[in-house]
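First comes the structure, then the notes that go with it.
Protein chains in written order, with our numbering: chain A, 1 to 127; chain B, 1001 to 1349.
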């Protein structure tokens, strides 16, 4: 299991990484491994406002569908269109090409309240 | 790994279910399916007994032949689906793991005196070798012509590295290949030999778990008991009239004939769905949002690259091309009735 030390995490396995004045959100390597082959991804559209903890989309694997909870409040700046053609990018490169969406944070302070890599590693070891 | 009918079953291997599916379509997949049950019927009267028990015609079968059939109850519901092999002095019946106890009890309760019913499941191991290069691999390990010399839906006795194997040129993936029945204590040896020989011969061979076994059979239009067929489903609504021989007597025949006469109340269809993965239990709606049926299986199909479902719908919605919707997470998603199977089995092309 890879944990990107530059990211913050939620216990529901989304990661978020600061990138310029936006944040990139995806699911952790641990999450993609637990889900298995990902075959469908659907995210809310760019421009939509979301609250921290709100459902912003779904990732479906061969086994099951999992809701994605936004780690930050803000406005969705972009969604990863490449996942429409190849959802398996989430399996292959969860922290890179398999990102889910970019968000313009309404409350950047929320980022600091998320789990850091060390805390997430401890947390994700539980399931 | 997951528990299934008392077995610990591999759902998928590290390469993942999608890749396992694709390996089977392009080269060879190995399936550890020891959970499948085997029942052997023998003794005087066993021909007539099996003919009365199963829906398909079996009395015309030649030694070595294998045939798909259904086991019905008196109401015409599907207790199980079976592969029946006619061997030299017996009938070899392959049954589903979860129905093993009930199938055996059903048979034993109806068997006339003289018919022996032996549960061979524990001492028999079953491995399926499936894919476009499966026969080539089997010929290489069992001796030239051992596998390729048998027609589709026939069986024969072969030996692989000294292991006696009943080989059926059968399977449940839509690919050519075979199913191997052999003494359970040789399982690991044979499994590893097939992998090693594949690697030595340059034939790509990979283990395939239950998840990909499901997507392979689904694409190829084969039913899975508990989904497209089951104890509250009759063969006619599921499209299995072809597996019923009305020229003979069999348990459930009258009930099935009644459905033929009245027309089924619902029909099994294939749906091509956009905007999500349809799954078992999801509701099917007509374009006005009225209930039209329910999905009994659904998934992403790796070969045809579609999200598809099998659903029972009211007969008026069953025509190919009918626009419907599947409710996925409370949103109606466009669906259209398509021709089954999505993937035409290799041996039917």
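Every residue gets a Cβ at the ideal spot worked out from N, C-alpha and C, and that includes glycine.
Nearest C-alpha to residue 1033(B) among 1317(B), 1056(B), 1012(B) and 1060(B): 1012(B). Taking a C-beta distance under 8 Å as the contact criterion, residue 1083(B) and residue 1154(B) do not qualify as a contact pair. One thing to note: residue 1280(B) has its Cβ within 8 Å of the Cβ of residue 1227(B). Contact check between the region 1048-1067 of chain B and the region 1155-1175 of chain B: three or more CB pairs, one atom from each, fall below 8 Å, which counts as touching. Neighbourhood of residue 45(A) in chain B, by CB distance below 9 Å: empty, with the nearest CB roughly 14 Å away. In summary, residue 1223(B) is buried, with 16 or more beta-carbon neighbours lying within 10 Å of its beta-carbon over all protein chains present.
Nearest to residue 68(A) by C-alpha distance, out of 22(A), 2(A), 48(A) and 10(A), is 10(A). In the DSSP assignment, residue 92(A) falls within the unbroken alpha helix (DSSP H) covering 89-92. Listed by position along chain A, the residues whose Cβ is nearer than 7 Å to that of residue 1017(B) are 36, 37 and 62. In its chain, beyond the 5 residues on either side, 1009 and 1011 have a beta carbon closer than 6 Å to the beta carbon of residue 1002(B).
Short of 8 Å from the beta carbon of residue 82(A), and not among the five residues preceding or following it, lie these beta carbons of its own chain, in chain order: 89 and 97.
Assigned with DSSP and collapsed to three states, residue 1027(B) falls in coil, not helix or strand.
Contact of residue 65(A) with chain B is assigned, a C-beta pair being separated by under 8 Å. In this structure, residue 1295(B) lies away from residue 1274(B), with their beta-carbon atoms at least 8 Å apart. Residue 1313(B) places its beta carbon less than 8 Å from that of residue 1293(B). Going by C-alpha positions, residue 52(A) is about 27 Å away from residue 1327(B). By alpha-carbon distance to residue 1252(B), the top candidate from 1071(B), 1004(B) and 1040(B) is 1071(B). Closer than 9 Å at the C-beta level to chain A, one finds these residues of the region 1265-1295 of chain B: 1275, 1276, 1277 and 1279.
Inter-residue distance for residue 1205(B) and residue 1220(B) is about 20 Å (C-alpha atoms, whole angstroms). When 8 Å is used as the limit between beta carbons, residue 1329(B) is near these residues of chain A: 58 and 65, in chain order. Of the other Cβ atoms in all chains shown, 16 or more fall within 10 Å of the Cβ of residue 1215(B); this residue is therefore buried.
When C-alpha distances from residue 1161(B) are compared across 1134(B), 1152(B) and 1192(B), the shortest belongs to 1192(B). Flagged as an interface residue toward chain A: residue 1211(B), by a C-beta distance shorter than 8 Å. With a cut-off of 8 Å on Cβ pairs, the region 1082-1097 of chain B is in contact with the region 1036-1045 of chain B, counting three or more such pairs.
Here residue 87(A) has 38, 39, 40 and 41 as same chain residues with Cβ atoms under 7 Å from its own Cβ, once five neighbours each way along the sequence are excluded. Unbroken beta strand (DSSP E) stretches of 3 residues or longer found wholly inside the region 1214-1280 of chain B: 1267-1273, given in chain order. Listed as beta-bridge partners of residue 67(A) by DSSP are 58(A). In this structure, DSSP gives residue 32(A) a helical state, which the three-state scheme calls helix. Contact with chain A is found for residue 1307(B), since one of that chain's Cβ atoms lies less than 8 Å from the residue's Cβ. Setting aside the 5 residues that flank it on each side, residue 30(A) is surrounded in the same chain by 1 and 124, each with a C-beta closer than 6 Å to its C-beta; the list follows chain order. For residue 1099(B), the secondary structure class from DSSP, reduced to helix, strand or coil, is helix. Residue 1045(B) has no beta-bridge partner at all, per DSSP. In this structure residue 1241(B) touches residue 1260(B) by the C-beta definition: roughly 7 Å separates them, less than 8 Å. Within the DSSP bridge table, the entry for residue 1294(B) names 1283(B) and 1312(B) as partners.
The region 1140-1151 of chain B and the region 1048-1055 of chain B do not touch, with fewer than three beta-carbon pairs separated by less than 8 Å. Bridge pairing for residue 1092(B): 1040(B) and 1085(B) [DSSP].
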